[in-house]
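>
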Amino acid sequence: MTASKSIVLAAALFGTLLATPATAVAPKITEKYVVKVDPNVFIPAQFTLKINGEEVGNYDSKSNIDITEFVKAGKNKFTVVYAPTGPYKNRFAATVLTIGVNRNGKWSTVMKVSATQGSPKGTRTLTIKAK
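Add 547 to the 1-based position in the sequence shown for my numbering, that's all there is to it.
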C-alpha cells in the first residue's frame with residue numbers, strides 16, 4: 548500500500564486529517580526549512596503559520612523549529628498571521644518571526660515578519676519553490 552493510500556485509509560477510519568506532513572505524499576526535499584521567533588517583552592505577539600493552507604503552528608515565544616516535513620517539492624504558499632497578545636509598550640521594539648532555509652550548508656532568509664507598534668497585526672503571504 549502506498550503512503551497516499553494509507554493516509555486516505557487512516558482518514559476514512561479515524562475522521563478528519565490534520566496538518567499532514569508534506570513528506571507523507573510528496574517527494575522529499577533536500578533543503579531544511581526552519582521557523583525562528585525572537586520575542587520582545589515590549590511587543591508581545593503571536594504568529595500563526597500556514598503552509599499550503601494548513602496550519603502548522605502558533606508561535607509566541609523564543610522558537611527555532613524545523614518545519615521541513617510540511618514543505619513539499621515545488622511551489623509552497625507560506626502565510627503568517629500575527630496579532631498582539633498584550634499592550635505594545637515601546638514604539639522602537641519588534642517581535643520577529645523568520646522563516647529560513649538551509650541550502651547546501653548556507654542559511655537564507657525566506658520570509659521575515661515583524662510585529663511592531665506601527666504594524667501591530669496583519670497577514671503576510673509568500674510563495675516559494677522548494678527543491
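Backbone N, C-alpha and C fix where the C-beta goes; we use that ideal spot for every residue, glycine too.
Remember, predicted model here, so these are calculated numbers, not experimental data.
Within 10 angstroms of its Cβ, does F617 collect 16 or more other Cβ (buried), or is it exposed?
Stepping through the sequence shown from its first residue, residue 617 is reached at position 70. That one is buried.
> Could you pull out every residue in the same chain whose Cβ sits closer than 7 angstroms to the Cβ of E578, ignoring the five residues on either side in sequence?
Translated into the one-based positions of the sequence shown, residue 578 becomes position 31. Here the set comprises V648, N649, R650, A677 and K678.
> Of all the options I590, P574, L596 and F589, which has the alpha carbon lying nearest to the alpha carbon of N583?
Along the sequence shown, read from residue 1 onward, the residue named residue 583 stands at position 36. Note on identity: in this sequence residue 583 is Lys, with Asn being the wrong assignment. Checked all of I590, P574, L596 and F589; the closest Cα to K583 is L596.
> Keeping to the same chain, check which residues put their C-beta closer than 7 angstroms to that of T632; ignore five residues upstream and five downstream.
In the sequence shown, the residue the question calls residue 632 occupies position 85. Cβ neighbours of T632 beyond the five flanking positions: P591, A592, Q593 and D607.
> Span of the beta strand (DSSP E) holding Q593?
In the sequence shown, the residue the question calls residue 593 occupies position 46. A592 to I598 is the extent of the beta strand (DSSP E) around Q593.
> Restricting to Cα atoms, I'd like to know which of T645, I675 and R638 is closest to Q664.
Walking along the sequence shown from the start, residue 664 turns up at place 117. Among T645, I675 and R638, the Cα nearest to that of Q664 belongs to R638.
> Which word fits T674, buried or exposed, when buried means at least 16 other C-beta atoms lie within 10 angstroms of its C-beta?
Counted from its first residue, the sequence shown places residue 674 at position 127. When all chains shown are included, T674 counts as exposed.
> Under the rule that 16 or more other beta-carbon atoms within 10 Å means buried, what is K622, buried or exposed?
The residue given as residue 622 occupies position 75 in the sequence shown. Its Cβ having fewer than 16 others within 10 Å, K622 is exposed.
> Can you tell me whether DSSP reads A577 as helix, strand or coil?
Working through the sequence shown from its first residue, we reach residue 577 at position 30. The displayed chain sequence assigns Thr, not Ala, to residue 577. In this structure, T577 counts as coil in the three-state DSSP scheme.
> Write down the C-beta distance between K668 and V643 rounded to the nearest angstrom, noting that I regard them as a contact closer than 8 angstroms.
Against the sequence shown, residue 668 aligns to sequence position 121. Against the sequence shown, residue 643 aligns to sequence position 96. In fact, because the Cβ distance is near 15 angstroms, the residues do not count as touching under 8 angstroms.
> Quick one: measure Cβ to Cβ for P586 and A620, integer angstroms, because I've assumed they're closer than 8 angstroms.
Residue numbering aside, residue 586 sits at position 39 when the sequence shown is read from its first letter. Residue numbering aside, residue 620 sits at position 73 when the sequence shown is read from its first letter. With 8 angstroms as the limit, P586 and A620 do not qualify as a contact, their Cβ atoms being about 32 angstroms apart.
> Any idea if V588 is buried or exposed, counting beta-carbon neighbours within 10 angstroms, 16 or more meaning buried?
Taking the sequence shown and counting its residues from 1, the one referred to as residue 588 is at position 41. V588 should be labelled exposed.
> Per DSSP, which one or two residues make a beta bridge with K653?
Sequence index remark: in the sequence shown, residue 653 carries index 106 (1-based). Partner(s): R650.
> Less than 9 angstroms between the beta carbons of T670 and V603, yes or no?
As a working mapping, residue 670 is identified with position 123 in the sequence shown. As a working mapping, residue 603 is identified with position 56 in the sequence shown. No. Outside cutoff.
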